[in-house]
Every structure is written in C-alpha cells, then in structure tokens.
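Novice: So for the sequence shown, the numbering used here puts the first residue at 185; every next one is plus one.
No residue lacks a Cβ here, since even glycine has one placed at the ideal position from N, Cα and C.
The model shown is predicted, which means the values in this text are computed figures rather than measured ones.
Dropping a structure here in structure tokens format, bear with me for questions.
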Amino acid sequence: MVHDPSLTPGIIEHFSHRSGDEEGIVSASCDIDIATAAYFEAYIEQVAAGGGALAVDLTRCGYIDSSGLNALVRLHERWSGMLRVIIPPSGALARVFKITQLERVIHVSYAATA
C-alpha cells in the first residue's frame, strides 16, 4: 500500500535514507505510532525494493508504539536476513525492545554512545 504524503503534511520529511558501506540506512526522526507507522513502513519498502541489506536507524526516534513495532515485524518477515534495527542503548526505545523481546526476532544493534 503506497501512502500519499500530502494526506499527512510533514510526516515524510522525518524519513531519510543513504547508502552505507555494506547496507542502506533508513533514518526516522519522529515518533513511530499509529499516525506515522504506515508511512514509515511504506518508505522502508520503497528503499528496500532496491535490494541489499538495510539498517533502520531509530536513534532519533523518541517513541514507538505497537503499530510501529508491528510494521518492523512485517518488514522483517518480508526482508528476513536483510533488515537490522539500530536503537539507542538506553531510554524508552531500548526499554520497549527489551520488554517485548523483539531482539529475539529482529536483528537489533545498539548505537555507540559518545
């Protein structure tokens, strides 16, 4: 399902991607919740369609709810073995991933701390 960003102005600007050395990297700089999860998933689908491994950087994302987690699980199922999620080593996202035990399902990396 492709989502029209004009229906929710400003959301798509919170997603970006770039090529890394070994994988593409998609970054989100907004909360991933019921209002943004479909756009988040569609954006990653478009980038992943190019092939190759993909990292989803959530280090600038302050919050993720069940709709965002479900989007990550669906993406993992579609792109199994090719998807990695990067989260901060502590804080709200780290707690959510720990509580839900998603790191048992999805390849999760913790961002280096400065």
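(1) Using DSSP with H/G/I as helix, E/B as strand and the rest coil, what is residue 203?
(2) Does the Cβ of residue 255 have 16 or more other Cβ atoms within 10 Å, making it buried, or fewer, making it exposed?
(3) Would residue 212 be called buried (16 or more neighbouring beta carbons within 10 Å of its own) or exposed?
(4) Answer yes or no: do residue 237 and residue 262 have a C-beta to C-beta separation smaller than 9 Å?
(5) Along the chain, which unbroken stretches of the alpha helix (DSSP H) at least 4 residues long are found entirely within the segment 205-242?
(6) Give the single residue among 231, 217, 221, 296 whose Cα lies nearest to the Cα of residue 271.
(7) Hey, could you find the ends of the alpha helix (DSSP H) residue 259 is sitting in?
(8) Which stretch, first to last residue, makes up the alpha helix (DSSP H) that contains residue 279?
(9) Going by CA-CA distance only, name the one from 274, 244, 285, 264 that's closest to residue 299.
Specialist: With the given structure in hand:
(1) Of the three classes helix, strand and coil, the one that applies to residue 203 here is strand, per DSSP.
(2) It is buried - the Cβ of residue 255 has at least 16 other Cβ atoms within 10 Å.
(3) By the neighbour-count criterion, in which 16 or more other beta carbons inside 10 Å mark a residue as buried, residue 212 falls on the buried side.
(4) In this structure, residue 262 does not lie closer than 9 Å to residue 237 by Cβ.
(5) List check, alpha helix (DSSP H) in window: 221-232.
(6) Comparing C-alpha distances from residue 271 to each of 231, 217, 221, 296 shows the shortest one belongs to 296.
(7) Taken as a continuous stretch (DSSP letters only), the alpha helix (DSSP H) holding residue 259 covers 250-262.
(8) In the DSSP assignment, residue 279 falls within the unbroken alpha helix (DSSP H) covering 276-284.
(9) Because the chain here runs from 185 to 298, residue 299 falls outside it and cannot be looked at.
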